[in-house]
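Using our numbering, you'd call the opening residue of the sequence shown number 440 and step up by one each time. Beta carbons: idealized from backbone N, C-alpha and C, even for Gly.
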Amino acid sequence: MNRKPQFEKLLSNIEYLREALGKTKDLEEKLNEPIQSIQSNLVEVIKNIRETQNMEGAFVDAIIKDIKTLKFQIPSYHKLALSETSANLINRGSRTPKQSEFKLPNLYGHQVFDGSPAFKEIQQVFDGLDKDTYRKCFLYFAVFPENVVLKKRFLTHWWIGEGLLDPSGTGDATPEDVAGIILKEFSDKGLIVPVKEEQKMIKKRFRVPPLVRSAAITLARKTQFLDYDSGDNPTGKSSDCDRIFLVKGDNYHGRQVPTKTNMKLEQTMKSIFNVSQPFPDAALEWLAKKGEVDMTTIKVVEWFLKLRKLEVLYLGRWQSVVDEHQIEVESMEFLKGLKKMKQLRLLSLQGIFWINELPNSIKSLKNLRVLDLKSCHNLEKLPEGMGSLRKLTHLDVSGCYMLDRMPKSISALTELRVLKGFVTGMSNLNDLKGLMKLRKLSINTSRQDFPNETDLRVLQDLGEHGVLRNLTIVWGAEGLKPKQPPPGVGKVNIMRQLTRQLSKLSTPPSDVILRLPKELQKLEIECLPKEELPDWINPLNLPSLKKLYIRGGKLKDLGTEPWSAEVVRLKYMTELKIEWRNLQKSFPNLKYLQRVKCPRVTFCPCDVNGVWMKHQPQ
């Protein structure tokens, strides 16, 4: 039976709730009455779903509201529900140790800690940072729980949104470069610790030591950057409350409600950041209704329309380990309230389930610099109105596997610097012709003939007349999206193919060499559907290449010409056959090699992590 997505979603929610109920036995005396109510409601919901597979729209809406109410009657519901089932939901990565295994008592706010040598030493390092921007960036580490892993990419986006980094870059320094310099400064001074990744040369993941975190919180409170409640959760600044942090569980129920303590919140608030809330739309409802726990009406849209000074709306996932935190929304209705946020610089919906499209109201975000939609697995469509985001510099739709096209209006995003996840399914690279400031591009394609002559001409132009230096191409299987094309589309495609063939017959051969941009510094190719290097990947035409990453695919050899690359990563290449001696000839400048599950790449002096590094003289 072909079930509707709404039906599947309801079954999933009910299963979570049943598991959560089974884990609340220790709280039975305290929660006996609400649990009995939840159980009786669940019986009715399950009964109705079993009796009618094809439900009326109004009936579905009523059940969804009931489910939402049930969720919020179970404290820390999401944590309980996912403790055993997340491995089945997302089979990726490995779990990190639980926070409770490392957690120290809260030290911030205690006079003993404030006067301790440890705090004074950290404060001295903080005061000695070279630039005021560095000190401001450091305060953001006070927001996070102990021992979490923070990614450079996430911090870069957040600092851009907060106005601490120039999204366009200054000179040759990109915001990513500047963020790297800041993080290295923090690392060198012991404020953060790089996560040990033997297979990577450049550190992009960090932790904050517990003592430094306590010191960061103390400094953040003294500078009125934020405050902390008794539950170890960050809250808005006590003075004017221009920040809101969303946290998981029932921590915001019965807590101080910002809208009650400061009725001018809508006129002053600049940032909403999701620290750990698995249901951000429900938390926003609660805020919009000024703390009333009533899930029967939705007022978020009206509330959002008042937030005209908001600069950061980060509702998505920032966590480094994807199987530790799942975020979902019941409805996308609240996104319609974006249209008045003229000052918004950062919008992140990364990894949020059940977002299948964005409203066209997004076109009103005239000041938006970063749009992060990474890993929105249900996202099927981007609005055509995106072309109005003329200041956008970073767009990430990587991991959005349901997308099969990009809006034509993307050609109007002339300030774009980073574009990740461009889809060629029903789009082509001609839409990128005018994006001459694009420096980093990743492409997902199911076309076996990609890149063709037209694609290569566009890429060459972006390199020779623009600043494209980083290119990733990922080939995937055709027909990944289980969706039939509209009537007549097949005939249109046939006519297009015939037109192309006729144009080739009537057009004289071009003298232009079809190749990748010679200015490329990094090339990453994944699942290349060729056994030999195609003509457009010629090492002699890539003299500036420093990094070459090849993952999966059918490639059997790396050609006969030498590469200029210094850093090489080869992963999951079961057909590639080459010995260490010949590999060195292919890469005479080789300084770093990573080999992962390449059984025919032999005799390489790699360590247990598959890494070889050239010895650098002291």
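Within its own chain, the residues whose Cβ lies closer than 6 Å to the Cβ of I989, once the five positions on either side in sequence are excluded, are I964, L1009, listed in chain order. Annotated as distal: L1015 and P956, with beta-carbon spacing of 9 Å or more. When only Cα atoms are considered, V1035 and V1050 end up about 9 Å apart. Residue pairing of S866 in beta bridges, as defined by DSSP: absent, with no partner found. Bridge pairing for E767: F792 [DSSP]. Note on geometry: alpha-carbon atoms of T613 and P606 lie some 8 Å from one another. By a beta-carbon distance limit of 8 Å, F684 contacts V714. Their separation comes to about 5 Å. Here W757 is not bridged, per DSSP, to any residue. With a beta-carbon spacing of about 14 Å, M780 and L797 fall beyond the 8 Å limit used to define contacts.
Counting only the Cα atoms, Q663 lies some 20 Å from V686. Under the 10 Å beta carbon count, L871 is surrounded by 16 or more other beta carbons and is classified as buried. Judged by DSSP secondary structure, F684 falls within the beta strand (DSSP E) whose first and last residues are 682-685. Put simply, the backbone Cα of E624 is about 45 Å away from that of Q887.
C-alpha of I801 to C-alpha of Q1033: approximately 42 Å in a straight line. Between the beta-carbon of G826 and that of I849 there is about 7 Å, and that keeps the pair under the 8 Å contact cut. Residue environment: F1042 is assigned as exposed (fewer than 16 neighbouring CB atoms within 10 Å of its CB, all protein chains considered). As computed with DSSP, L828 is found in no beta bridge at all.
Using a Cβ distance threshold of 9 Å, K820 and G860 do not count as a contacting pair. The beta carbon of V740 sits closer than 7 Å to those of E772, F773, K775, G776, all from its chain and outside the five residues before and after it, given in chain order. In this model, S881 and G675 are separated by some 37 Å (Cα to Cα). Here T613 carries a coil assignment [DSSP, helix/strand/coil]. For the segment 568-644, the continuous alpha helix (DSSP H) assignments of 4+ residues that do not extend past its boundaries occur at 571-578, 591-600, 614-627, in sequence order. Secondary structure of F558 (DSSP, three-state): helix. The C-alpha of M845 lies about 42 Å from the C-alpha of D666. Around the beta carbon of L979, a 10 Å sphere encloses fewer than 16 other beta carbons of the protein chains shown; the residue is thus reported as exposed. When secondary structure is reduced to three states using DSSP, S1003 falls in the coil class, being assigned neither helix nor strand. Between the C-alpha atoms of I621 and T572 there is a straight-line separation of about 9 Å.
Looking at the DSSP output, D835 shares a beta bridge with D811, K859.
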